[in-house]
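Just so you know, we're using the numbering used here here: the sequence shown kicks off at 3 and counts up by one. Don't be surprised by glycine CBs; every beta carbon is placed ideally from N, CA and C. Since we're looking at a predicted model, the values are computed, not measured. Remarks on the structure that follows.
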Amino acid sequence: MQEKIDLRSVNVTRYITPLREGGSLPAIADADDGFKYVVKFKGAGHGTKALIAELIGGAIAKLLGLKIPELVFTNLDEAFGRTEADEEIQDLLKSSKGLNLGLHFLSGAINFDPAVTTVAPQLASEIVWLDAFLTNIDRTFRNTNMLIWNREVWLIDHGASLYFHHSWDNWEKTAKTNFPFIKDHVLLPQAGLLEETNLKFQKILNPDVLKTVVDLIPEEWITWEGSNLSPEEIKLVYFNFLTIRLAHSEIFVKHAQDARKTLI
3 MQEKIDLRSV NVTRYITPLR EGGSLPAIAD ADDGFKYVVK FKGAGHGTKA
53 LIAELIGGAI AKLLGLKIPE LVFTNLDEAF GRTEADEEIQ DLLKSSKGLN
103 LGLHFLSGAI NFDPAVTTVA PQLASEIVWL DAFLTNIDRT FRNTNMLIWN
153 REVWLIDHGA SLYFHHSWDN WEKTAKTNFP FIKDHVLLPQ AGLLEETNLK
203 FQKILNPDVL KTVVDLIPEE WITWEGSNLS PEEIKLVYFN FLTIRLAHSE
253 IFVKHAQDAR KTLI
């Protein structure tokens with residue numbers, strides 16, 4: 003049964019603390035629905051492209067049945083953050099007014115440690131497949147981007163996915179390539195069911211499903227500098243990239259299988 007994609011919108015009411023990881027400066031914040039969120043700001047790092055990658059990656063993970071904290075659109079009022087003492091954070095908040103992205107804060111979650119937790123071949127294969135499909139460079143031993151919460155593996159941080167969008171050149175060619183960084187994936191040694199996973203996921207991610215994912219992208223996130231494309235044309239590029247990559251999934255699956263053989 004296909005899971006419906008439906009993102010709520012919340013208003014950020016209080017900035018609690020930054021999570022100083024990398025250059026994106028996400029933060030834990032309260033929202034007007036009474037919950038805490040890890041907020042990713044469009045004024046940081048790679049801007050709205052990182053939010054688009056986070057949104058698409060998270061939505062696809064959810065549709066595939068993987069555990070991911072609830073994604074919500076988070077609104078920042080223009081006056082929000084004026085009382086923040088840290089100038090770097092104040093600048094970040096000022097440049098992030100409007101629509102941002104949040105992930106439900108999993109209180110009590112701990113970072114995934116591959117030395118402590120063994121992931122079953124089916125789940126490992128599903129996560130490796132997802133990251134090869136999304137070209138996610140950021141699920142390595144150094145930075146697993148997974149949490150353990152309620153004794154289950156939860157995926158976080160897909161902002162480094164879809165790196166083709168940092169340069170629109172040859173995106174069609176990129177869609178049909180393998181994913182060389184998969185050799186560094188923290189779960190690759192356990193991913194012994196990639197072929198079976200590929201067949202399973204191809205049935206779930208049909209073009210209609212991928213279109214509903216791409217249609218989630220807010221228009222205000224896709225009016226960046228350096229592009230003459232309209233928001234509709236940019237969305238079409240994302241849609242075509244995903245559908246072409248899915249149609250040629252045997253390329254990145256075979257490469258991942260070959261990379262795995264060198265590890266076991």
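Taking a cut-off of 8 Å for Cβ pairs, the region 8-20 and the region 28-35 touch, as three or more such pairs fall below it. Across the structure, residue 129 and residue 71 are spaced so that their CA atoms are roughly 15 Å apart. In the three-state scheme derived from DSSP, where H, G and I count as helix and E and B as strand, residue 154 is classed as strand. Here residue 193 really is in contact with residue 262; their C-beta atoms are around 6 Å apart, less than 8 Å. Cα atoms of residue 231 and residue 174: separation of roughly 16 Å, rounded to the nearest angstrom. For the pair of segments examined, the region 245-252 was found to touch the region 207-216: the number of CB pairs separated by less than 8 Å reaches three. In the DSSP annotation of this structure, the continuous segment of the beta strand (DSSP E) that includes residue 106 starts and ends at 100-106. Among the bridge pairs identified by DSSP, residue 20 is matched with 29. For residue 77, no alpha helix (DSSP H) encloses it; the enclosing beta strand (DSSP E) starts and ends at 73-78. Here residue 69 is actually not in contact with residue 56; their C-beta atoms are around 16 Å apart, not less than 8 Å. In the same chain as residue 12, and ignoring 5 residues on each side of it, the C-beta atoms closer than 8 Å to its own belong to 33, 34, 35, 37, 39, 74, 75, 76, 77, 104, in chain order. Cβ neighbours of residue 162 within its own chain (closer than 8 Å, five residues either side excluded): 52, 55, 138, 139, 140. If you look at residue 240, you'll find it isn't in any beta strand (DSSP E); it sits in the alpha helix (DSSP H) that goes 233-249. Within the region 121-207, the runs of alpha helix (DSSP H) that reach at least 4 residues and sit entirely inside it are, in chain order, 123-136, 173-177, 196-206.
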